[in-house]
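Since the structure comes first, as C-alpha coordinates, the remarks are kept for the end.
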Amino acid sequence: WVEYDPSRISRFFGGKDTIITNCNYYDKPIKSNVAEFEFIKPTGIDLEVYEKHHNSCNQITLTPEDLLQKYPTSTYAGYVLAEYPVELALQGYSCLDHSEECMRKWYDRGGGEESIKNRIKEAKEAMRKYNDYAKLFLELHPDFNLNGLIRKKYIMCLGFTGEEEEAQRQLEILAKGCGKEAEEAKNYLAKKSERRGGLEKKINGQTNTKE
41 WVEYDPSRIS
51 RFFGGKDTII
61 TNCNYYDKPI
71 KSNVAEFEFI
81 KPTGIDLEVY
91 EKHHNSCNQI
101 TLTPEDLLQK
111 YPTSTYAGYV
121 LAEYPVELAL
131 QGYSCLDHSE
141 ECMRKWYDRG
151 GGEESIKNRI
161 KEAKEAMRKY
171 NDYAKLFLEL
181 HPDFNLNGLI
191 RKKYIMCLGF
201 TGEEEEAQRQ
211 LEILAKGCGK
221 EAEEAKNYLA
231 KKSERRGGLE
241 KKINGQTNTK
251 E
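Residue numbering for the sequence shown follows the numbering used here, starting at 41 and increasing by one per position.
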(Lines of atoms letter the chains of each structure in order from A and count residues from 1; the text may use other names and numbers.)
(Lines give C-alpha, C1' and ligand atoms only; values in the text may rest on other atoms or scores of the structure.)
Protein backbone atom coordinates (compact mmCIF):
# COMPACT_ATOMS: atom_id res chain seq x y z
CA TRP A 1 0.00 0.00 0.00
CA VAL A 2 0.96 3.63 -0.52
CA GLU A 3 -0.01 6.21 2.09
CA TYR A 4 -0.68 9.84 1.11
CA ASP A 5 -0.50 12.83 3.44
CA PRO A 6 -4.09 14.23 3.47
CA SER A 7 -2.85 17.78 3.97
CA ARG A 8 -1.03 17.58 0.63
CA ILE A 9 -4.23 16.37 -1.06
CA SER A 10 -6.05 19.31 0.53
CA ARG A 11 -3.45 21.75 -0.76
CA PHE A 12 -3.71 20.23 -4.22
CA PHE A 13 -7.48 20.67 -4.36
CA GLY A 14 -7.27 24.07 -2.78
CA GLY A 15 -4.87 25.42 -5.36
CA LYS A 16 -1.37 26.81 -5.09
CA ASP A 17 -2.33 29.88 -3.08
CA THR A 18 -5.15 28.38 -1.02
CA ILE A 19 -4.56 25.85 1.75
CA ILE A 20 -7.67 24.06 3.00
CA THR A 21 -7.08 23.41 6.69
CA ASN A 22 -10.44 21.82 7.47
CA CYS A 23 -11.38 19.06 5.02
CA ASN A 24 -13.44 16.22 6.47
CA TYR A 25 -12.84 14.04 3.44
CA TYR A 26 -9.10 13.97 4.03
CA ASP A 27 -8.68 13.97 7.81
CA LYS A 28 -7.03 10.52 7.82
CA PRO A 29 -4.15 9.04 5.84
CA ILE A 30 -5.26 7.95 2.36
CA LYS A 31 -4.24 4.51 1.18
CA SER A 32 -3.97 3.23 -2.34
CA ASN A 33 -2.76 0.02 -3.92
CA VAL A 34 0.63 0.16 -5.60
CA ALA A 35 0.77 0.57 -9.38
CA GLU A 36 3.84 -0.13 -11.45
CA PHE A 37 4.66 1.69 -14.67
CA GLU A 38 7.25 0.74 -17.23
CA PHE A 39 8.61 3.56 -19.36
CA ILE A 40 10.23 2.41 -22.57
CA LYS A 41 12.69 4.69 -24.28
CA PRO A 42 11.69 5.46 -27.87
CA THR A 43 13.71 3.72 -30.55
CA GLY A 44 13.89 3.87 -34.33
CA ILE A 45 11.40 6.20 -35.95
CA ASP A 46 9.77 6.94 -32.58
CA LEU A 47 13.07 8.26 -31.30
CA GLU A 48 13.40 10.42 -34.42
CA VAL A 49 9.94 11.90 -33.86
CA TYR A 50 10.69 12.60 -30.22
CA GLU A 51 14.13 14.13 -30.74
CA LYS A 52 13.04 16.38 -33.60
CA HIS A 53 9.61 17.45 -32.42
CA HIS A 54 9.32 17.53 -28.62
CA ASN A 55 9.09 20.70 -26.53
CA SER A 56 10.30 21.50 -23.02
CA CYS A 57 7.30 19.62 -21.57
CA ASN A 58 8.18 16.48 -23.58
CA GLN A 59 5.12 16.97 -25.79
CA ILE A 60 5.19 16.23 -29.51
CA THR A 61 4.61 19.52 -31.33
CA LEU A 62 3.50 18.15 -34.72
CA THR A 63 -0.15 18.49 -35.68
CA PRO A 64 -2.00 15.16 -36.07
CA GLU A 65 -2.10 15.63 -39.85
CA ASP A 66 1.63 16.38 -40.09
CA LEU A 67 2.51 13.43 -37.88
CA LEU A 68 0.50 11.02 -40.03
CA GLN A 69 2.00 12.38 -43.22
CA LYS A 70 5.62 12.44 -42.06
CA TYR A 71 5.73 9.48 -39.65
CA PRO A 72 2.83 7.11 -40.49
CA THR A 73 4.72 4.06 -39.20
CA SER A 74 5.57 5.47 -35.76
CA THR A 75 3.64 4.39 -32.68
CA TYR A 76 2.78 8.07 -32.19
CA ALA A 77 0.70 7.70 -35.37
CA GLY A 78 -1.29 4.98 -33.63
CA TYR A 79 -2.45 7.38 -30.93
CA VAL A 80 -3.43 9.89 -33.61
CA LEU A 81 -5.40 7.23 -35.53
CA ALA A 82 -7.18 6.13 -32.36
CA GLU A 83 -8.29 9.70 -31.59
CA TYR A 84 -8.64 11.02 -35.15
CA PRO A 85 -12.15 12.48 -35.66
CA VAL A 86 -13.54 10.62 -38.66
CA GLU A 87 -17.27 11.34 -38.92
CA LEU A 88 -19.50 8.26 -38.80
CA ALA A 89 -16.53 6.04 -37.90
CA LEU A 90 -17.88 5.33 -34.42
CA GLN A 91 -21.46 4.59 -35.47
CA GLY A 92 -22.85 1.08 -35.05
CA TYR A 93 -21.88 -1.57 -37.56
CA SER A 94 -25.52 -1.80 -38.65
CA CYS A 95 -24.91 1.41 -40.62
CA LEU A 96 -22.81 -0.65 -43.01
CA ASP A 97 -25.92 -2.60 -44.05
CA HIS A 98 -27.28 0.57 -45.69
CA SER A 99 -24.22 2.80 -45.91
CA GLU A 100 -25.41 5.19 -48.64
CA GLU A 101 -28.69 5.86 -46.86
CA CYS A 102 -26.86 6.39 -43.59
CA MET A 103 -24.44 8.86 -45.18
CA ARG A 104 -27.24 10.84 -46.82
CA LYS A 105 -29.06 11.19 -43.49
CA TRP A 106 -25.88 12.21 -41.68
CA TYR A 107 -24.81 14.83 -44.24
CA ASP A 108 -28.25 16.23 -45.03
CA ARG A 109 -27.69 19.53 -43.25
CA GLY A 110 -29.55 21.77 -45.62
CA GLY A 111 -28.41 23.59 -48.74
CA GLY A 112 -29.91 21.24 -51.30
CA GLU A 113 -28.84 18.09 -53.12
CA GLU A 114 -25.56 19.50 -54.42
CA SER A 115 -24.43 20.43 -50.91
CA ILE A 116 -25.23 16.93 -49.63
CA LYS A 117 -23.24 15.34 -52.45
CA ASN A 118 -20.25 17.60 -51.79
CA ARG A 119 -20.26 16.79 -48.08
CA ILE A 120 -20.42 13.06 -48.82
CA LYS A 121 -17.60 13.40 -51.35
CA GLU A 122 -15.37 15.22 -48.84
CA ALA A 123 -16.19 12.68 -46.13
CA LYS A 124 -15.29 9.75 -48.37
CA GLU A 125 -11.99 11.40 -49.31
CA ALA A 126 -11.14 11.77 -45.60
CA MET A 127 -12.13 8.14 -44.99
CA ARG A 128 -9.93 6.87 -47.84
CA LYS A 129 -6.97 8.74 -46.33
CA TYR A 130 -7.71 7.14 -42.99
CA ASN A 131 -7.90 3.74 -44.67
CA ASP A 132 -4.42 4.16 -46.13
CA TYR A 133 -2.87 5.18 -42.81
CA ALA A 134 -4.75 2.55 -40.77
CA LYS A 135 -3.90 -0.30 -43.14
CA LEU A 136 -0.19 0.50 -42.99
CA PHE A 137 -0.17 0.98 -39.22
CA LEU A 138 -2.11 -2.19 -38.38
CA GLU A 139 0.18 -4.28 -40.58
CA LEU A 140 3.31 -2.93 -38.88
CA HIS A 141 1.99 -2.77 -35.28
CA PRO A 142 -0.26 -5.83 -34.73
CA ASP A 143 0.10 -5.62 -30.93
CA PHE A 144 -0.53 -1.90 -30.42
CA ASN A 145 -2.78 -1.40 -27.40
CA LEU A 146 -5.40 0.71 -29.23
CA ASN A 147 -5.66 -1.43 -32.34
CA GLY A 148 -9.24 -2.44 -31.54
CA LEU A 149 -10.42 1.16 -31.81
CA ILE A 150 -8.29 1.84 -34.88
CA ARG A 151 -9.56 -1.28 -36.62
CA LYS A 152 -13.18 -0.39 -35.84
CA LYS A 153 -12.74 3.02 -37.46
CA TYR A 154 -10.94 1.37 -40.36
CA ILE A 155 -13.82 -1.09 -40.87
CA MET A 156 -16.40 1.69 -40.87
CA CYS A 157 -14.39 3.78 -43.32
CA LEU A 158 -13.95 0.76 -45.61
CA GLY A 159 -17.68 0.10 -45.58
CA PHE A 160 -18.63 3.69 -46.29
CA THR A 161 -16.16 3.91 -49.20
CA GLY A 162 -17.47 0.81 -50.95
CA GLU A 163 -14.85 -1.74 -49.87
CA GLU A 164 -17.32 -4.19 -48.36
CA GLU A 165 -15.20 -7.33 -48.81
CA GLU A 166 -12.21 -5.87 -46.99
CA ALA A 167 -14.51 -4.47 -44.30
CA GLN A 168 -15.90 -7.97 -43.76
CA ARG A 169 -12.40 -9.44 -43.57
CA GLN A 170 -11.33 -6.84 -41.01
CA LEU A 171 -14.50 -7.48 -39.00
CA GLU A 172 -13.60 -11.16 -38.77
CA ILE A 173 -10.06 -10.29 -37.67
CA LEU A 174 -11.37 -7.90 -35.00
CA ALA A 175 -13.92 -10.45 -33.74
CA LYS A 176 -11.11 -12.89 -32.96
CA GLY A 177 -9.54 -10.46 -30.51
CA CYS A 178 -10.64 -9.24 -27.11
CA GLY A 179 -12.01 -6.04 -25.65
CA LYS A 180 -15.03 -3.84 -26.26
CA GLU A 181 -14.50 -3.43 -30.00
CA ALA A 182 -14.00 -7.18 -30.49
CA GLU A 183 -17.24 -7.96 -28.64
CA GLU A 184 -19.12 -5.46 -30.80
CA ALA A 185 -17.74 -7.12 -33.93
CA LYS A 186 -18.66 -10.61 -32.67
CA ASN A 187 -22.22 -9.55 -31.87
CA TYR A 188 -22.68 -7.86 -35.22
CA LEU A 189 -21.37 -10.86 -37.16
CA ALA A 190 -23.57 -13.22 -35.14
CA LYS A 191 -26.70 -11.15 -35.85
CA LYS A 192 -25.74 -10.86 -39.50
CA SER A 193 -25.35 -14.63 -39.71
CA GLU A 194 -28.77 -15.11 -38.08
CA ARG A 195 -30.41 -12.75 -40.55
CA ARG A 196 -28.74 -14.52 -43.45
CA GLY A 197 -29.87 -17.91 -42.12
CA GLY A 198 -33.43 -16.68 -41.70
CA LEU A 199 -33.48 -15.28 -45.22
CA GLU A 200 -32.15 -18.53 -46.66
CA LYS A 201 -34.87 -20.49 -44.83
CA LYS A 202 -37.51 -18.14 -46.18
CA ILE A 203 -36.22 -18.48 -49.74
CA ASN A 204 -36.00 -22.27 -49.44
CA GLY A 205 -39.52 -22.38 -48.05
CA GLN A 206 -40.86 -20.35 -50.95
CA THR A 207 -39.02 -22.59 -53.42
CA ASN A 208 -40.45 -25.75 -51.85
CA THR A 209 -43.95 -24.29 -51.93
CA LYS A 210 -43.68 -23.55 -55.64
CA GLU A 211 -42.45 -27.08 -56.32
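Each residue gets a CB set at the ideal place from its N, CA and C atoms; glycine is no exception.
Treat the numbers as computed from the prediction; the structure is a model and nothing was measured.
Item                                                                                                      : Value
Residue burial classification, V120 (beta-carbon count within 10 angstroms, cutoff 16)                    : buried
Bridge-paired residues (DSSP) for I156                                                                    : Looking at the DSSP assignment, I156 forms no beta bridge with any residue, so it has no partner.
Bridge partner(s) assigned by DSSP for H94                                                                : I100
Pairwise C-alpha distance: K232 and N185                                                                  : 28 angstroms
Same chain, Cβ closer than 8 angstroms to A180, five either side skipped, listed in chain order           : Inspection of the sequence shows that residue 180 is occupied by Leu rather than by Ala. Excluding sequence neighbours, L180 sits near T113.
Close Cβ partners of A222 (< 8 angstroms) along its chain, the five nearest in sequence each way excluded : G188, L214, A215, K216
Alpha carbon of N98 to alpha carbon of D148, nearest angstrom                                             : 42 angstroms
Within the stretch 196–226, ranges of the alpha helix (DSSP H) (whole runs, at least 4 residues)          : 204–215
Inter-residue Cα distance where the pair is E212 and Y133                                                 : 13 angstroms
Rounded C-alpha distance that separates F111 from E165                                                    : The sequence given here places Tyr at residue 111; Phe does not occur at that position. About 20 angstroms.
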